[in-house]
Each structure stands twice: as C-alpha cells, then as structure tokens.
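Colleague: Would you mind keeping the following structure in view while I ask a few things?
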Amino acid sequence: MYKLNNIKAIGLLAFIIVALAACKPDEADFKSPSFSNNPDVFMDDFSSGLQYAVFQGASFSAFDVTSEVTYGGSASAMRFAVPDVNSSDGSYAGGTFFVGDGRDLSEYNTLSFYAKATKSATIDVIGFGISFGEDLYEVSTSIDVNTNWKKYYIPIPDASKLSSEKGLLHFAEGPENGQGYTFWLDEIKFEKTGLLAHPKSTIMGGDNIVKLAYQGIAVNIENVSYSINQPDGVFKDYNIQPGYFSLTSGNESVVQIDADNKIKIVGEGLALIRGYIDGVEADGSLTLNVQGSFSSAPTPTYDQANVVSLYSDHYNNVPVDFFNGYWEPFQTTRSEDFSINGDNILNYVEFNFVGNQFSNPTVDASAMTHLHLDLFIPVAVQSSTSLNITIRDFGPDGTDGGGDDADIIESFTDLDLTSGIWNSLDIPLNGLSSKNALGLLIYEGNELPNFFLDNVFFYN
Amino acid sequence: MKYLILTKLNKQIFATSIAFMFAVCFTSCDKDGSSDFLDREYNLIWSDEFVGQYGDLPDSSKWTYDLGTGNDGWGNSELQTYRDLPDNVSLDGLGNLVITAMDEAFGGSPFTSGRVKTQGLFTAKYGRVEANIKIPFGPGIWPAFWMLGSNIDEVSWPQCGEIDILEARGQAPSIMYGSLHGPGYSAGTAVTEAYNLGNDRFDSDFHIYAIEWGEDYIDFFVDDILYNQVTAEDVAGEWVYNNSFFMVLNVAVGGGFAGFPTTGTPFPQRMLVDYVRVYKEI
Numbered sequence: 001m002y003k004l005n006n007i008k009a010i011g012l013l014a015f016i017i018v019a020l021a022a023c024k025p026d027e028a029d030f031k032s033p034s035f036s037n038n039p040d041v042f043m044d045d046f047s048s049g050l051q052y053a054v055f056q057g058a059s060f061s062a063f064d065v066t067s068e069v070t071y072g073g074s075a076s077a078m079r080f081a082v083p084d085v086n087s088s089d090g091s092y093a094g095g096t097f098f099v100g101d102g103r104d105l106s107e108y109n110t111l112s113f114y115a116k117a118t119k120s121a122t123i124d125v126i127g128f129g130i131s132f133g134e135d136l137y138e139v140s141t142s143i144d145v146n147t148n149w150k151k152y153y154i155p156i157p158d159a160s161k162l163s164s165e166k167g168l169l170h171f172a173e174g175p176e177n178g179q180g181y182t183f184w185l186d187e188i189k190f191e192k193t194g195l196l197a198h199p200k201s202t203i204m205g206g207d208n209i210v211k212l213a214y215q216g217i218a219v220n221i222e223n224v225s226y227s228i229n230q231p232d233g234v235f236k237d238y239n240i241q242p243g244y245f246s247l248t249s250g251n252e253s254v255v256q257i258d259a260d261n262k263i264k265i266v267g268e269g270l271a272l273i274r275g276y277i278d279g280v281e282a283d284g285s286l287t288l289n290v291q292g293s294f295s296s297a298p299t300p301t302y303d304q305a306n307v308v309s310l311y312s313d314h315y316n317n318v319p320v321d322f323f324n325g326y327w328e329p330f331q332t333t334r335s336e337d338f339s340i341n342g343d344n345i346l347n348y349v350e351f352n353f354v355g356n357q358f359s360n361p362t363v364d365a366s367a368m369t370h371l372h373l374d375l376f377i378p379v380a381v382q383s384s385t386s387l388n389i390t391i392r393d394f395g396p397d398g399t400d401g402g403g404d405d406a407d408i409i410e411s412f413t414d415l416d417l418t419s420g421i422w423n424s425l426d427i428p429l430n431g432l433s434s435k436n437a438l439g440l441l442i443y444e445g446n447e448l449p450n451f452f453l454d455n456v457f458f459y460n
Numbered sequence: 461m462k463y464l465i466l467t468k469l470n471k472q473i474f475a476t477s478i479a480f481m482f483a484v485c486f487t488s489c490d491k492d493g494s495s496d497f498l499d500r501e502y503n504l505i506w507s508d509e510f511v512g513q514y515g516d517l518p519d520s521s522k523w524t525y526d527l528g529t530g531n532d533g534w535g536n537s538e539l540q541t542y543r544d545l546p547d548n549v550s551l552d553g554l555g556n557l558v559i560t561a562m563d564e565a566f567g568g569s570p571f572t573s574g575r576v577k578t579q580g581l582f583t584a585k586y587g588r589v590e591a592n593i594k595i596p597f598g599p600g601i602w603p604a605f606w607m608l609g610s611n612i613d614e615v616s617w618p619q620c621g622e623i624d625i626l627e628a629r630g631q632a633p634s635i636m637y638g639s640l641h642g643p644g645y646s647a648g649t650a651v652t653e654a655y656n657l658g659n660d661r662f663d664s665d666f667h668i669y670a671i672e673w674g675e676d677y678i679d680f681f682v683d684d685i686l687y688n689q690v691t692a693e694d695v696a697g698e699w700v701y702n703n704s705f706f707m708v709l710n711v712a713v714g715g716g717f718a719g720f721p722t723t724g725t726p727f728p729q730r731m732l733v734d735y736v737r738v739y740k741e742i
C-alpha cells in the first residue's frame, strides 16, 4: 500500500478544486468583519462556505454525501470510497475540506467526528489545517476504524493560533492490502472538550541538541511531536507543525525570537532555545552555538573540462531532477537550503536518507574517476554517526530499476567525519561496473540529523 | 472484589440523587466542612495537609503501610507490590502526598505502588471524611480513597464493612464511584453509585471526594455534588457502619475492578493527595 507521510509532497499547490453543488455560501457570513466562529464542518450537510479539493493523484469520485449510512440517525454523512490498487480513477482517496474565509477556532480545542468503515482499516492521514496557504498549523494522525461508529479527536495544540483557519478537514487513505473499501465520517465539528488531557510534546526529537549556527543561515526547530491522552486513558500521537511551538531564547544577545516566532540570530555565543505549547514546555531543546562568519567549502581546483558537476557555484551544472525526492513513506529528510555570501548550499534537516536524481539525461561519467562532495556537519558527530553514499548507474534502460542498474556504496564513519568543518569526500568510481548512465546519488545516515552539502561533482 | 452492578435499589437511589444533585449543585461545603443543603455543622478533628520536604515519607504518626501483594493481590488479583519507598509513597514538597504506580518488576510482581492507611493510628466514627485528590489515569489503573472497619482483624471482610469514598478506573477517567461493601452486599453486589463528570476528567485536576456519615446513613459527595445517599434501610444486609473505621489511600494496578493494564497504559502514574480531613458534626 502506498502510504502517505507528507501531504505537501503530493502537491499542495496542485489541488484541483472540485465544485460541488453542496458548497453553499452563507449570505449571513459573507464579508463579515471578523472571522466566523462556526464550529461545524459537516453535521447534516456542508457547513457554511465549505469547499472540497481533491489531492493530486487521488480519486475524483472517492467522496460524496450519503443519507444511507449516517451516525445516530442524522440526515446525511460523508462517504469515502477508497479505490482498489491500480484503479484508473486514482491510487488513493484524499482531499481537503476548506473555507475561503478563515474560521476563528480559538475558542475550541479539538476537531471531533464519528467514523466507521466497511472493514477494519487504518485511515493513513486525517486532520485539519490544509488549505492553500502556508499551513503552519496542520495537525494530523492516522486512525484505526472498524464497522462500528466511534468518536475520534484531532486536538488543537494551541487554539490561540487558529484565529483564521481555512483547512477544516483533510484525509488521505490508500487501499488496504490492495483492496479498496468505504468509510464514513459524520458529525464533524470543532468543540471544546475536557476529555483530552495531559498534552506532551517534543522538539528536536526530545533530545538536547547543540548546533553550530551562523548569521545569515536560518535555523528552525525540527523533529517535533505531540501527544495527548484520549478519553480511554491512552495517549495518541499527532503530527503537528513547528508553528504551534512558542519559542524562548535563553540568551537574547545571541538569539531572539521574532514576532513571527522565528529564530533570529543576533550575536555570537551560546543560546538555549526551548519550545512551549499553550504554556506547557516541550521535551528537548536546541542550543545554538553561534560562530562568526561562515566559511564556504574549499574552492574546487579541477578544470571544468574534467568535471561533470551536479551542484556547485564554481562549475556549470548538468540538469538535476531533484536534490530531495521526498521519498515516501519513510523519508523524514527535509530541505532547508540556503545561500550565504552568494554561495548556494544544500541543507538537509531531520535527515535519515535522501536522493539526488539526475536522469534527464543520465550522466555519462565514463571519463570520470571520482565523485567529490563537501559536507559540513553543524551538529556533534557521535561514535555511531555514519553516512552511506550510493552511486547508481541506471544501465541501458536509462531508468531507475529494471534489473540493469549498477551501484557502489561508500561508507563513512565518525572517523571520517568531523563536526564544524567542511569534510571533502572523494569516492572512486572504479568499483562501478557501468558509469555511462549515472542517475542517482543516495545518502543514508545514522545519528546524522543535519548536514550541509556543496560541490557535488564527478571529476578525473 | 468490587464490581459495579447497578441494582434496582441503586437505580432508585440514582433517581433520588439526581433530584438532590440539582438541589445542591451550587451549595458549597464551607471551609469548616458544613454542607449548606444538609444543614450540618462540622469541626475539624484530624487532618494531614502533607506539608514536608520533597521525597519525605508521610507523617508516621498518621500513616502506616500495607506492603507486598496480600493474598491473591489483596483479594482482587491486583498486579502490584506495595512498598514504603519514596519511589512509591512520598511528599512532593508542594503540599501533596504522591502515590506512584511504576512499571517496575519487584518481588515477583510486574508493578510497584503504594498503599497507606491510618489503621492503629486513627479511626473515625461518623462525621465528614474528605480528601482533595488528583487521580492517575490509564487502562488498569485503580486509585482509591476508602475506609475499612477497625474490627477487620476480628470479624474479617466484609463483615467489618468498607466505605469507598473514591474509586476510579483509569480507562474511564471521567467516572468515579462511591460504594459500600458489607455482609450480604459486597464485591459484585456492593451498593455502588457512579458519578460522571461529563465533558471533563477527574485526572485533569484536583477534586474533593467526601462522605458525610452518621448513624444509619452515609451521603456521598464529589466536590459540591451529593451524588448518593445510602441508609441502613437501603442495604441488602446488616448495616455495619455504626462503628469506627480507618482510612486507606492507594493506587492499584490491574485487578477485577479496573482490569489489566495495556501496552498503552502510561507509567509512572501518580495520585496526588492535597489533604485528608476528618470532621465531627457539632
């Protein structure tokens, strides 16, 4: 089953609006001076102003409104038909219900709804906070559903942030073991419940992370989590955006938190950054060790004629499909690339693995002897830190897979990697059985949550 | 064993107590322990406010311990070993007694916890008995504030009588129970009443759990709500509560009332007791 762990990756800006007859603008709410606090998303019908957009690649016909199966005898419910695998209509059911004029949800603390399904299944993604904007306050989770109606909660970690929220409900679910099925949602509304308790959260994976930082290079908190105790006494985890965390700086002469809750580096030294949600401190912290000026990677000395470059400000670069494929479902790596003093640098955060693909066209490196990379690690190198780099030749078919690919894998350990300096890595290509159709570099790390990358090129 | 079974008798009481609930909903128990609606006046005769240093054991002149596993997990197939260590029973330095259930194998049990009692140190007969408690939570967690007849060693249970001022099941933290167990109406046939907090949970904050107790009657309160009244005529056996009782505070893990903990039960779990106070009616 094709699981989704990052809805944005499937094309947030590529929504296709599906006009539904049920989308009824409410004259009373139209152009009201303040945002509506209407808590209803779908009770017996679309609530005021609610619209529906299908996620890219999802089934167009997955959603409709039914009066046949409803919760507690209500007039109607939402029905979602998850397609079978390889369905011509789309590989999954997914979309968002949103309003054009944001809702003021600040007096509520959860989205709630009832759900049931034709069989026991796990709805991969369900939550709120996806519309057409920055979506700073998305919350989502997966839920186990079965053939009985059950009430579910999507908590609002800090409702004061939601004074104008447009994304009221979104979902994404693929076939279960290749088979489609149907689930229903009803009585979908925001409410203030006392039945969720003991919220807890983490930043930086719950660890106390120390990171080198420089003026001009943005730093954000990452690896956040949120959990809240359910009415049955068991905690449930939710994916939330870092935007819910209010940050504090322990050293205002080094780091300040600006009005947009962003980390602003103002001086050199150490600053401890903590996160809070609705006044409750998160586990984990980020200590920035702000250095003086940032040194770019060493300038490469090879002639352009002897180089095929993928990423460097010093060479002409060949076309690259992507420097981060956001491979689902297990990749956590995000890109926070930056430019400093005119030097463009790749920055992988929450790194576990990532790929650089260059298949249009593939690279003929038959005249090349090595791959070169410059790697800067702004966090501590642990004894268990390692990095494997795979160089893949796509073979005669020119595409990834197909049984004709050739790989070499070079491993680097803590002995090869040093924090706080540029590590120049050179990998010989002579172990590669074929190198005239190179198409992919894969980086896989352990205890290496963040690194900068520059000057990625083949040379002889 | 204290199963919840709503008998016909209890349902009648429930109907009655609903009427009382509306009546007393906003009548508070004053600081001197009086209940306006019931027009009773009380004087404080015993209390522990749990003032002390962080990590201290509670006042040994007021509290003693049940230790170990008892017989068959204290008669309830409970899964914990009780200890008198600060890990399980101690003051938090902020004015609370903390009883902590831990997911920690000890003495052949998979969990440890604490159970303190006033047996041999203090007993009450009649009056108002109350505690301000923040209960723990999670499936299989069974916190309780209760009393046992001080003649238990002579007549044994249930002849001695048991007054449960607070019991809860961590998998249903919005509901608390008050019960009487006596001869002919114990365990599954105990006189029990549940009170549901509705859109809130008892583990989210402190609540005052109390009884007001006199000859041939016991009234059960949570905060200012009188949610059950039981008289000698209401029990299906001998009324054994015109006697002195000692108090018990504990957090059990597992057992017949709360069922097994699950992999989702969060540990450690802490019951915070702000105070225990006993009043005598004037």
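In the order they appear, the protein sequences are chains A and B. Heads up: the first sequence runs through residues 1 to 460, numbered per my numbering. Heads up: the second sequence runs through residues 461 to 742, numbered per my numbering. Note that the Cβ used here is the ideal one computed from N, Cα and C, for glycine as well.
(1) Could you name the residues of the same chain whose beta carbon sits closer than 8 Å to that of S384 of chain A, not counting the 5 residues immediately before and after it, in chain order?
(2) Can you tell me whether A22 of chain A is helix, strand or coil according to DSSP?
(3) Step through the CB atoms of chain A and report whether any lies within less than 8 Å of the CB of R753 of chain B.
(4) Could you please tell me which residues of the region 227-261 of chain A, in chain order, have their CB closer than 8 Å to any CB of chain B?
(5) Which residue comes first and which comes last in the alpha helix (DSSP H) that contains D124 of chain A?
(6) Shortest alpha-carbon distance to L247 of chain A belongs to which of A:N239, A:G233, A:E134, A:D283?
(7) Is the beta carbon of V354 of chain A sitting closer than 8 Å to the one on T333 of chain A?
(8) Counting beta carbon pairs with one atom in the region 522-541 of chain B and one in the region 673-692 of chain B, are three or more of them shorter than 8 Å?
(9) Name the DSSP beta bridge partners of H170 of chain A, please?
(10) Determine, using beta carbons only, whether G194 of chain A comes closer than 8 Å to chain C.
(11) Give me the subset of the region 590-623 of chain B whose CB atoms are less than 8 Å from a CB atom of chain A, sorted by chain position.
(12) Cα-Cα, which of B:T529, B:E622, B:F662, B:N703 is closest to G568 of chain B?
(13) At a CB-CB cut-off below 7 Å, which residues of chain A make contact with G630 of chain B?
(14) What residue range is occupied by the uninterrupted beta strand (DSSP E) comprising E444 of chain A?
(15) Kindly list the residues whose CB is nearer than 8 Å to the CB of S494 of chain B, restricted to its own chain and excluding five residues on each side of it in sequence; keep chain order.
(16) What's the C-alpha gap between G94 of chain A and P300 of chain A?
(17) Can you tell me which of the three DSSP states W471 of chain A falls into?
(18) May I ask you to list, following chain order, the residues of the region 699-730 of chain B that have a beta carbon less than 8 Å from some beta carbon of chain A?
(19) Residue ranges of each beta strand (DSSP E) run of no fewer than 3 residues wholly in the region 591-629 of chain B, ordered along the chain?
(20) Got a sec, what are the start and stop residues for the beta strand (DSSP E) I217 of chain A sits in?
(21) In the DSSP output, what is L272 of chain A paired with across the bridge?
(22) Output yes or no for whether 8 Å exceeds the beta carbon distance between S61 of chain A and A81 of chain A.
(23) Going along chain B, which residues have a C-beta under 7 Å from A197 of chain A?
(24) Does chain A have any CB closer than 8 Å to the CB of C485 of chain B?
(25) Under 6 Å Cβ to Cβ from N592 of chain B, same chain only, skipping five residues before and after it: list those, please.
(26) At the 8 Å Cβ level, is S634 of chain B part of the contact set with chain A, yes or no?
(27) If you draw a straight line from the alpha carbon of T122 of chain A to that of G178 of chain A, how long is it in whole angstroms?
(28) Please check the pair V695 of chain B and Y645 of chain B, which I expect to be a contact at CB under 8 Å, by giving their CB distance rounded to whole angstroms.
(29) Applying the 10 Å Cβ sphere with the 16-neighbour rule, what's the burial state of A197 of chain A?
(30) Determine the extent of the beta strand (DSSP E) in which V139 of chain A is found, giving its start and end residues.
(31) According to DSSP, which residues form a beta bridge with N710 of chain B?
(32) Reducing DSSP to helix, strand and coil, say where N306 of chain A ends up.
(33) Applying the criterion that 16 or more other CB atoms from any shown protein chain within 10 Å of the CB defines a buried residue, is D144 of chain A buried or exposed?
(34) With 16 other CB atoms within 10 Å as the buried threshold, where does F190 of chain A fall?
(35) Could you give the distance in angstroms between the alpha-carbon of K192 of chain A and the alpha-carbon of A650 of chain B?
(36) Is the region 342-353 of chain A in contact with the region 404-422 of chain A, if contact means three or more CB pairs nearer than 8 Å?
Modeller: Working from what's here:
(1) D414, N446, E447
(2) Confidence in A22 of chain A is poor, its pLDDT being 38 and thus under 50, which makes the residue's placement unreliable; the coordinate value appears in the next sentence. A22 of chain A: coil per DSSP, three-state reduction.
(3) For residue 753 of chain B there is no data in the structure shown, the boundaries of chain B being 461 and 742.
(4) N229, P231, D232, G233, V234, F235
(5) Run containing D124 of chain A: none in the alpha helix (DSSP H); it sits in the beta strand (DSSP E), 121-128.
(6) A:D283
(7) yes
(8) no
(9) A:T96, A:G127
(10) The structure shown has no chain C; the protein chains it does contain are A and B.
(11) Answer in chain order: F597, G598, P599, I601.
(12) When only C-alpha atoms are compared, the closest one is B:T529.
(13) G233
(14) 438-446
(15) For S494 of chain B, the pLDDT reaches just 44, beneath the cut-off of 50, and the residue's location in the model is therefore unreliable, although a value from the coordinates is still provided. Correct list, in chain order: R500, E501, Y502.
(16) 47 Å
(17) Coverage of chain A is limited to positions 1 through 460, which leaves residue 471 of chain A absent and any answer about it impossible.
(18) T722, G724, T725, P726
(19) 601-609, 622-628
(20) In the DSSP annotation of this structure, I217 of chain A is not part of any beta strand (DSSP E), being labelled neither H nor E.
(21) A:T287
(22) yes
(23) R661, D663, S664
(24) With a pLDDT of only 37 at C485 of chain B, under the threshold of 50, the placement of this residue in the model should not be trusted, and no figure is reported.
(25) F666, I668, D734, Y735
(26) yes
(27) 13 Å
(28) About 5 Å; that satisfies the 8 Å criterion.
(29) buried
(30) 139-145
(31) Note: N710 of chain B sits in a beta bridge opposite B:R575, B:A604.
(32) helix
(33) exposed
(34) buried
(35) 36 Å
(36) no
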